[in-house]
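Keeping their order, the protein sequence lines are chains G and X.
Residue numbers for the first sequence follow my numbering, beginning at 18 and rising by one.
Residue numbers for the second sequence follow my numbering, beginning at 76 and rising by one.
Glycine included, each C-beta is placed from N, C-alpha and C at the ideal position.
Written below as structure tokens is the structure these notes are about.
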Amino acid sequence: MIVYLLCFVLFLTGLYGVITRRNLVKIVISLSIMEFSLFLFLALIGYVEGGTVPIVDPADTGAVYVDPLPQAMVLTAIVIGLATTAMLMAVIIRVYRKYKTMDIREIKNLRG
Amino acid sequence: MNPLIPLFIAIPLAGAFLTMILGKFLPRLNKYLGITVLLLLAMMSLISVATISGGTDIYKVGGWEPVGGIPIGIYMVLDNLSALLLCVINIVGLLAVIYSFTYISQYTSENYFYSLFCLMIAGMNGVVLSGDLFNIFVFLEISAISSYALVAFGVEREQLEATFKYQVLGGLASLVILLGTGFIYWKAKTLNIADAREVLWAGSEKPFYLLAQLLLLSGFGLKAAIIPFHAWLPDAHSSAPSPISAMLSGVLIKAVGIYVIFRLFFNMFVLSEEIAVLITVLGTLSMAVGVFLAIGQWDIKRLLAYHSISQMGYVVMSAGIGMILVSRGTKPEVAALALAGALFHLINHAAFKSLLFLNAGAIEYRTGTRNLREMGGLAACMPATSSTSFAASMAISGLPPFNGFFSKLIIIIAAVMARFYLLAAIAVIVSIVTLASFLKFQRYAFYNGKREAGKENLREVPFPMVLSMVTLALFCLLLSLAALPHFRDIIFTPAIRILTDAQQYTAPILGF
């Protein structure tokens, strides 16, 4: 149970960062922390007590395997997370060129 | 098995890659490729809506057959509800591409535009066709990432700020959706929507699934910009190039937000009255707050974006009334009427809101401004834009004989018949405020006689833009025919039957 709680603490740490940080890059880092806490959570829910790598060995009939499906989900989600982070970083570089700052308080053309 | 199902995703993906690879050598290819892809998709979606007739077509990706009655592969499911949404996506997409022919030539790197556009269409088609929770997440991210890039297409200060906001909030939404999916998999050990329904209805761990329901509702609510989650929408939708605003407001928030909420809450979860009431309240809030935020706006596209929130509120509220009645198990005919109102208004909103965004783009194309105070007297020099935007404004404010009148009427009648008199009254008041807001738009943009020097030589926009605007205006008129009983039976009744009776959805997939 403690592992799940730590995982949730990591998620909340990321959320806190997204809400309170002022620097654009730090917001993206916090978003990544949230993302990785989720990957950890997905890997955890597939874990079976005492399970081994899910490569089925016909000779060993008594073996317990962990659930491979969440692992496949995590792989897919990592690729998607990479695309999102790359896109955000590209936008931040462009924002810095236009505004000459990374402080979110100074980037406020859109109001109302 | 319907061979068209995988093509709905394969054709736009191929279009996106071919545009990028061949577009370098053949400079005019991107336009022709874009329109061919969308024309094919639009025809295919019309064929599927005509041939589906209440049945369900399933495509098993990779040919993985179920083992012991439990589906193990990825399923693509085409039923009446998804066929309806496919029609909306691909027809509005086709008209937006035609409009882009001249509009997007003011930007550089047109290849990127058409390529990202095709990717966005592929993502939305995938979300609508998917029968699997994780697959919905993957396709949703495809469409979301390409729409982030398209919002920033102008790479000016405003677009970059809007896209950053949109990406951070969209990223949060995706994470919450993934968390909800993880929770469902944890207990149900399945990701297939139909299979998960069987598990959820058999088991009774209600508090656990309530958490998953709330997570998924807030995630998809953020994508659909229901009111407490709406902050990104006015910025993103007003900063994007106009054909993209039309796609985002007209199609994207419905396909990846509202549609998934419908699918999951009607067809997967055990509908509980608390959640149904929550959805109704959120819908009513968006309806009322959205319109009051809209009325003070002077930027046309911001005004239209706030109205999107308000009109989506109508859809969500009406679906919520349907959910309350379904969960109580009383008055099934009123529940069906409320859902018919929701689906009808969803389609109508796609027609008139994309038309209004295209009109705003046409005005910006000729006058170079989006501020209502700097316009005036455009009716004389831009007759096509003026008359089509008049039709769309009347449709969105709910005046007969346009389509918006009939869908709002159905929603209000359903609310009265379900004895939610307060909701019916709010719906009427919001409709009147919408009318006031659009009369302001018409007056300041087109009829205020004030003409300044240098505006005398304004002309009508080029032919492709006029063509798509006139077609959408015709849709605004013709869609009111769908309120007739004969058409309603063909278009809406099978889709509603799938929503109200989840057995209809699960039985063909699980092979009973």
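Query                                                                                                                     : Result
Buried versus exposed call for W307 (chain X) [16 or more other C-beta atoms within 10 Å across all chains shown]         : buried
DSSP bridge partner residues for M151 (chain X) (one or two, in chain order)                                              : X:Y134, X:S205
Neighbour-count burial assignment, Y21 (chain G), 16 or more Cβ in a 10 Å radius                                          : exposed
Closest Cα partner of P318 (chain X) within the set X:V364, X:L431, X:I486, X:P583                                        : X:L431
Bridge partners - I145 (chain X), DSSP secondary structure assignment                                                     : X:V142
Y580 (chain X): contacting residues in chain C (beta-carbon distance under 7 Å)                                           : The structure shown contains no chain C; its protein chains are G and X.
Alpha-carbon spacing of C58 (chain G) relative to I328 (chain X), whole angstroms                                         : Contrary to the premise, residue 58 (chain G) reads as Phe rather than Cys in this sequence. When rounded, the distance between both Cα atoms is 28 Å.
Beta-carbon spacing of G67 (chain G), Q88 (chain G) below 8 Å                                                             : no
Partners in chain X for T93 (chain G), counting only beta-carbon separations shorter than 8 Å                             : F209, V213
Endpoints, the alpha helix (DSSP H) within which Q386 (chain X) is located                                                : 375-403
Cβ distance (whole Å) where V345 (chain X) is taken to contact W276 (chain X) below 8 Å                                   : 6 Å
Three-state secondary structure (DSSP) of N267 (chain X)                                                                  : strand
Under 8 Å by beta carbon: chain G residues contacting Q242 (chain X)                                                      : T101, M104, L105, V108
Simplified DSSP state of T69 (chain G), which is helix, strand or coil                                                    : strand
Cα-Cα separation between E280 (chain X) and G98 (chain X), rounded to whole angstroms                                     : 54 Å
Assigned exposure category for L48 (chain G) - 16 Cβ within 10 Å defines buried                                           : buried
Bridge partner(s) assigned by DSSP for N40 (chain G)                                                                      : G:D120
Per-residue contacts from I62 (chain G) into chain X (C-beta, under 7 Å)                                                  : G257, Y260, W261
Cα-Cα separation, D132 (chain X) to N77 (chain X)                                                                         : 6 Å
Chain G contact for T183 (chain X) (CB, 8 Å cutoff)                                                                       : no
When X:L297, X:S324, X:I220 are compared against L357 (chain X), the one with the closest alpha-carbon                    : X:L297
Proximal residues to Y580 (chain X) (C-beta, below 6 Å), its chain only, five neighbours per side dropped                 : N342, I573
Same chain, Cβ closer than 6 Å to Q386 (chain X), neighbours up to 5 away in sequence not counted                         : H424
Listed by chain order, chain G residues near L588 (chain X) by CB distance under 7 Å                                      : Residue 588 (chain X) cannot be examined here, being either before or after the span of chain X that is shown, 76 to 587.
Per DSSP, cross-strand counterpart(s) of N446 (chain X)                                                                   : X:D374
Residue-chain proximity (I220 (chain X), chain G), Cβ-Cβ < 8 Å                                                            : yes
Y284 (chain X) (DSSP reduced to helix, strand or coil)                                                                    : helix
Contacts that V230 (chain X) makes with chain G (C-beta to C-beta distance below 7 Å)                                     : R111
Exposed unless 16 or more other CB atoms sit within 10 angstroms - verdict on G443 (chain X)                              : exposed
Residues that A224 (chain X) contacts on chain G, provided the C-beta gap is smaller than 8 Å                             : M104
Counterpart residues of Y82 (chain G) in DSSP-defined beta bridges                                                        : G:T69
Assumed close pair E123 (chain G), Y116 (chain G) - CB separation to whole angstroms, cut-off 8 Å                         : 7 Å
Presumed contact (8 Å Cβ cut-off) between G395 (chain X) and Y381 (chain X), rounded CB distance                          : That pair is no contact at about 21 Å.
Touch test, the region 258-268 of chain X against the region 215-230 of chain X, Cβ-Cβ under 8 Å, three pairs minimum     : no
Spatial neighbours of F367 (chain X) in its chain, beta-carbon cut-off 8 Å, leaving aside the 5 residues before and after : V508
Amino acids of chain X, ordered along the chain, whose beta-carbon sits closer than 9 Å to that of Y116 (chain G)         : R232, L235, E236
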